[in-house]
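Remarks on the structure that follows.
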DNA sequence: GCGGAAAAAGCACGACCGTTCTATGAATGG
DNA sequence: CCATTCATAGAACGGTCGTGCTTTTTCCGC
C-alpha cells in the first residue's frame, strides 16, 4: 500500500501547481494525467470523482500553506513581529514557484463563491482558519501591548486580508511592478493605526 | 439591421448576468442560447468566436458599470463627497440583482490573470480606467483641500480597491453578514488617514 | 518465486464544448 | 409587392470532458 500513497501525493503536488494556473475547474483529469505521464483512468482511480480531487487539492494546498507560512511565523516572537511575519510570509507564498498562477486560494475563491458543494466548504473552512489565525496574532499583539487595547482584531484580520487581495490583483492582473511596495505601504498604515490608542 | 442589433444587445445583457455566476470560461454558448431560447448556431453567428463574446461581455459590463457607478458619482460635488460616492456606488453595484454571482470583474480577474489574449487585455484596460477614475477623484479631493496635499492618490486608489476586494471576499465567499460594515469601516479609516496632514 | 492484492492502463460511453456549413425563415429597401 | 439581404435554425464535425468497466501490469508478504 506504499506505492499508491506515493503517487497519490505526487499527483496532488502537481495538481496544486496546475490548479494555480488554470483554476480548480480548469484542472482536467486528462491534462493532469498527461502532465504526470499517467493514464487518465489510472489517475482517476485515486479519486472517486473530480470533486474529491478538488477537495484534496485544496487540503494539500492548505497543508502546504500552513507549513510554509503559518509555522515559520509561529517561531517568531509573540506580538507585532509575528503579525509582520504572517504578512511577509504570505507575500513570499504568493511569489513561490509552486504557485506559478498566483495564490490558489484567491483563484478558488472567485470560482467557488457561488458553487455550493464539498470543494466550497473545504475552501471556506481553510479561509476561516486563516482569518482566525490572523486575528489571533493581532489579539496577542494587543496582549503584549504592541497594539492598542480596544483594537477590533477581527477587523484587523479582515483589513490585512484585503491588503493581500489588493496585492494579488495589482500583481497578477495589472502586472504592476509597484504591487509589493503598495501592499507593504498599505499594511504599514494598518499596523501604525493599530498601534495608536484611540484611533 | 435593427432586429439583429436588438437581439445582440439582449444576448449581452443575459451573458453578463450569467457570466457573473459561472465566470467567463464557464459561460458556454449552448447554455447561453438555451437561457435565451435561441439556437446555438443562431447565437454564435452574432460573434465570430467565443473570445469575441467574452470581450463584448466585458465591454458591456464596463459600459453598465460606468453608467451605474461612475456617472452618478460625477454628479456629486467635487472632492470627498465624490470619492465617497464612488465607493458607495461600488457597494451598490455589487449588490445589484444583475450580478447574482458577484462582481463580474472580480471573477474575471481571477480567471484571466494568467490567460493572455484579447479578453484579458480588455479587462486590464477596464480596470486601469477604473483605478484612474478613483485616483482622479482623490486628486480632486486634494485640490479641494479635503485630502492632504502630499497624499499619494494612486496609493489611495489602490487601497480603496483593496477594500472592495476584501468586501467581495467576505461577502461572496465567507457569507459574512458584517461584510459591508467591515468594508465601510476600512474605507472610513482610509479617508480619515487621507484627511490628516503628514500622515 | 509465487499468489493474491493493489495500481495502472486501455477502452468505451454519453454529454457537452466551440465551430462550420447549409438551408429556411423573416425583415427590409426600392 | 418583390427581391435581396439578413437573422436564425438545424445538423454535423472533431475534440475533450468526467466516469465507469475490464484487463494487464506491478508490487509485496509469505
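Residue numbers (UniProt numbering), protein chains in the order written: chain A, 1 to 199; chain B, 1 to 199.
Glycine included, C-beta positions come from ideal geometry on N, C-alpha and C.
- [ ] With a 10 Å radius around its C-beta and 16 neighbouring C-beta atoms as the bar for buried, classify residue 9 (chain B) as buried or exposed.
- [x] Here the question's residue 9 (chain B) lines up with position 9 in the second chain. Classification of residue 9 (chain B): exposed, given that the 10 Å Cβ count is below 16.
Task: Integer-rounded CB distance, given that residue 24 (chain B) should sit under 8 Å from residue 119 (chain B) - done: Here the question's residue 119 (chain B) lines up with position 119 in the second chain. Here the question's residue 24 (chain B) lines up with position 24 in the second chain. Rounded, the Cβ-Cβ distance is 6 Å, consistent with contact.
- [ ] Identify, in the order they occur along the chain, each residue of the same chain with its Cβ nearer than 6 Å to the Cβ of residue 94 (chain B), setting aside the five sequence neighbours on each side.
- [x] Your numbering for residue 94 (chain B) matches position 94 in the second chain. 103.
Open item on the list: Quick check on residue 115 (chain A): does DSSP put it in helix, strand or coil?
Closed with: The sequence position of residue 115 (chain A) within the first chain is 115, counting from 1. Residue state, collapsed to three classes: coil.
- [ ] Please state if the CB of residue 163 (chain B) and the CB of residue 187 (chain B) are separated by a distance shorter than 8 Å.
- [x] As a first step, residue 187 (chain B) must be located in the second chain, where it is residue number 187. As a first step, residue 163 (chain B) must be located in the second chain, where it is residue number 163. Taking 8 Å as the Cβ cut-off, residue 187 (chain B) and residue 163 (chain B) qualify as a contacting pair.
Open item on the list: Taking the alpha-carbon of residue 180 (chain A) as reference, which of A:139, A:50 and A:88 has the nearest alpha-carbon?
Closed with: As a position in the first chain, residue 180 (chain A) is number 180, starting the count at 1. Checking every option, the nearest Cα to that of residue 180 (chain A) belongs to A:88.
- [ ] Please confirm if residue 46 (chain A) has its CB atom under 8 Å from at least one CB of chain B.
- [x] For the purposes of this step, residue 46 (chain A) is taken as residue 46 along the first chain, with counting starting at 1. Chain B, which has no Cβ nearer than 8 Å to the Cβ of residue 46 (chain A), makes this no.
Task: Residues near residue 73 (chain B) in its chain [Cβ-Cβ closer than 6 Å; skip 5 each side] - done: Against the second chain, residue 73 (chain B) aligns to sequence position 73. Only 82, 85, 86 and 89 meet the Cβ criterion.
TODO: Kindly list, in the order they appear in chain A, the residues whose Cβ is closer than 8 Å to that of residue 148 (chain B).
DONE: For the purposes of this step, residue 148 (chain B) is taken as residue 148 along the second chain, with counting starting at 1. Within 8 Å Cβ-Cβ: nothing; residue 148 (chain B) doesn't reach chain A, min ~13 Å.
Task: Any C-beta of chain A under 8 Å from that of residue 173 (chain B) - done: Start at 1 with the first residue of the second chain, and residue 173 (chain B) comes out as number 173. Chain A contact via Cβ: present.
- [ ] With DSSP as the reference, label residue 40 (chain A) as helix, strand or coil.
- [x] Numbered from 1 along the first chain, position 40 holds the residue referred to as residue 40 (chain A). Helix at residue 40 (chain A).
Task: Nearest neighbour of residue 139 (chain A), chosen from A:156, A:123, A:126 and A:130 [CA to CA] - done: As a working mapping, residue 139 (chain A) is identified with position 139 in the first chain. The shortest C-alpha separation from residue 139 (chain A) is found at A:156.
TODO: Show which residues of chain A have a CB atom less than 9 Å away from the CB atom of residue 30 (chain B).
DONE: Mapped onto the second chain, residue 30 (chain B) falls at position 30. Those do not exist, as residue 30 (chain B) stays about 17 Å from chain A at its closest Cβ, beyond 9 Å.
TODO: Pull up the distance between the alpha-carbon of residue 112 (chain A) and that of residue 143 (chain A), whole angstroms please.
DONE: Within the first chain, numbered from 1, the residue matching residue 112 (chain A) stands at position 112. Within the first chain, numbered from 1, the residue matching residue 143 (chain A) stands at position 143. Using only the alpha carbons, I get a separation of about 36 Å.
Open item on the list: Check whether chain A comes within 8 Å of residue 136 (chain B), counting only Cβ atoms and requiring the distance to be less than that.
Closed with: One-based indexing of the second chain puts residue 136 (chain B) at position 136. Residue 136 (chain B) does not count as touching chain A.
Task: Identity of the residue in B:17, B:77 and B:48 nearest residue 61 (chain B) by Cα - done: As a position in the second chain, residue 61 (chain B) is number 61, starting the count at 1. If we check each option's Cα against that of residue 61 (chain B), B:17 comes out closest.
- [ ] Just mark residue 80 (chain A) as buried or exposed, buried being the case when its beta carbon has 16 or more other beta carbons within 10 Å.
- [x] Reading the first chain from its first residue, position 80 is the one you call residue 80 (chain A). Answer is buried; the Cβ neighbour count reaches 16.
Open item on the list: With three or more C-beta pairs closer than 8 Å as the rule, is the region 119-129 of chain B touching the region 120-138 of chain A?
Closed with: no
- [ ] Taking only beta-carbon positions, decide if residue 68 (chain A) is within less than 8 Å of chain B.
- [x] Mapped onto the first chain, residue 68 (chain A) falls at position 68. Chain B, which has no Cβ nearer than 8 Å to the Cβ of residue 68 (chain A), makes this no.
TODO: List in chain order: all unbroken alpha helix (DSSP H) runs of 4+ residues lying wholly within the UniProt domain "HTH tetR-type" (5-65) of chain B.
DONE: 29-36, 40-44 and 50-65
TODO: Just the C-alpha distance for residue 4 (chain A) and residue 109 (chain A), rounded to the nearest angstrom, thanks.
DONE: In the first chain, the residue the question calls residue 4 (chain A) occupies position 4. In the first chain, the residue the question calls residue 109 (chain A) occupies position 109. Roughly 30 Å between the two C-alpha positions.
TODO: Check whether the Cβ of residue 55 (chain B) lies closer than 8 Å to any Cβ atom in chain A.
DONE: The residue labelled residue 55 (chain B) in the question sits at position 55 within the second chain. With 8 Å as the cut-off, residue 55 (chain B) does not count as an interface residue toward chain A.
TODO: Return the chain-ordered list of same chain residues with a C-beta closer than 8 Å to the C-beta of residue 190 (chain B), the five sequence neighbours on each side being excluded.
DONE: As a working mapping, residue 190 (chain B) is identified with position 190 in the second chain. So the list reads 156, 159, 160 and 163, once near-sequence residues are dropped.
Task: Three-way DSSP call (helix, strand, coil) for residue 77 (chain A) in this model - done: Along the first chain, read from residue 1 onward, the residue named residue 77 (chain A) stands at position 77. Coil.
Open item on the list: So with CB distances below 7 Å, who are the chain A contacts of residue 182 (chain B)?
Closed with: Residue 182 (chain B) sits at position 182 when you count from the first residue of the second chain. Under the 7 Å cutoff, chain A gives 155 and 158.
TODO: Kindly say whether residue 139 (chain B), judged by its beta-carbon, lies nearer than 8 Å to any beta-carbon of chain A.
DONE: Taking the second chain and counting its residues from 1, one reaches residue 139 (chain B) at position 139. It does not; no Cβ of chain A falls within 8 Å.
TODO: Let me know if residue 63 (chain A) comes out buried or exposed under the rule of 16 or more other beta-carbons within 10 Å of its beta-carbon.
DONE: Stepping through the first chain from its first residue, residue 63 (chain A) is reached at position 63. Its Cβ having fewer than 16 others within 10 Å, residue 63 (chain A) is exposed.
Task: Burial state of residue 92 (chain B) (16 or more Cβ within 10 Å) - done: On the second chain, position 92 is the one that residue 92 (chain B) refers to. With fewer than 16 Cβ atoms within 10 Å of its Cβ, residue 92 (chain B) is classed as exposed.
Task: residue 20 (chain A), buried or exposed, once every other Cβ within 10 Å from all chains shown has been counted against 16 - done: The residue given as residue 20 (chain A) occupies position 20 in the first chain. Under this definition residue 20 (chain A) is a buried residue.
Task: Continuous alpha helix (DSSP H) assignments of at least 4 residues falling wholly in the region 114-158 of chain B - done: 118-143
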